[in-house]
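Residue numbers (this note's numbering): 222 to 369.
The beta-carbon is built from N, C-alpha and C at its ideal position, and this holds for glycine as well.
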């Protein structure tokens, strides 16, 4: 089977893609802030140089909060979650951290005898997304420009 080669985007298509990316990033930012606020953490600033975006899959934000602590927040096409900044040294490590955490959480749900369809579905979602995060973590070419 012959593969079609992707044609370059027109300037209009590039502008639309950029607009969509900005809208996606803004939505992820709002979701991350809302998530922290719901957990009782009031974000103060974003550490932009350490935040990363793999549109439209995942956004990894690093926030400094009013309580003086820093947090990683992961959001996008996956459950929004957070951890203290000490959990990972950089955005790539955040992917591995949440991959492991979600697998453990899914295992706990299943071990608890989850028969509720919602819990089983959530456990399966966590497992699926955990595998996806780990695949992104393992892609060395995506992280070439990251400081060691």
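Contact check, residue i vs residue j, beta carbons under 8 Å
i: residue 315; j: residue 297; result: no
i: residue 359; j: residue 311; result: no
i: residue 350; j: residue 300; result: yes
i: residue 331; j: residue 344; result: yes
i: residue 291; j: residue 281; result: no
i: residue 257; j: residue 303; result: yes
i: residue 277; j: residue 323; result: no
Residue range of the unbroken beta strand (DSSP E) whose run includes residue i
i: residue 242; result: From DSSP, residue 242 is part of no beta strand (DSSP E) but of the alpha helix (DSSP H) over 232–259.
i: residue 323; result: No beta strand (DSSP E) holds residue 323; the alpha helix (DSSP H) holding it covers 312–332.
i: residue 291; result: 291–297
Status (buried if at least 16 other CB within 10 Å, exposed otherwise) for residue i
i: residue 352; result: exposed
i: residue 264; result: buried
i: residue 320; result: buried
i: residue 242; result: exposed
i: residue 307; result: exposed
Reference residue i; option with closest CA among the options
i: residue 305; options: 277, 294 and 323; result: 294
i: residue 357; options: 325, 254, 338 and 313; result: 313
i: residue 346; options: 232, 327 and 269; result: 327
i: residue 317; options: 226, 348, 245 and 291; result: 348
i: residue 289; options: 275, 344, 267 and 274; result: 267
i: residue 269; options: 277, 365, 250 and 262; result: 250
Range of the contiguous alpha helix (DSSP H) that encloses residue i
i: residue 359; result: 338–359
Report yes or no: do the region 281–289 and the region 227–244 share at least 3 C-beta pairs separated by less than 8 Å? Per the Cβ contact rule, the region 281–289 is not in contact with the region 227–244 (fewer than 3 Cβ pairs under 8 Å).
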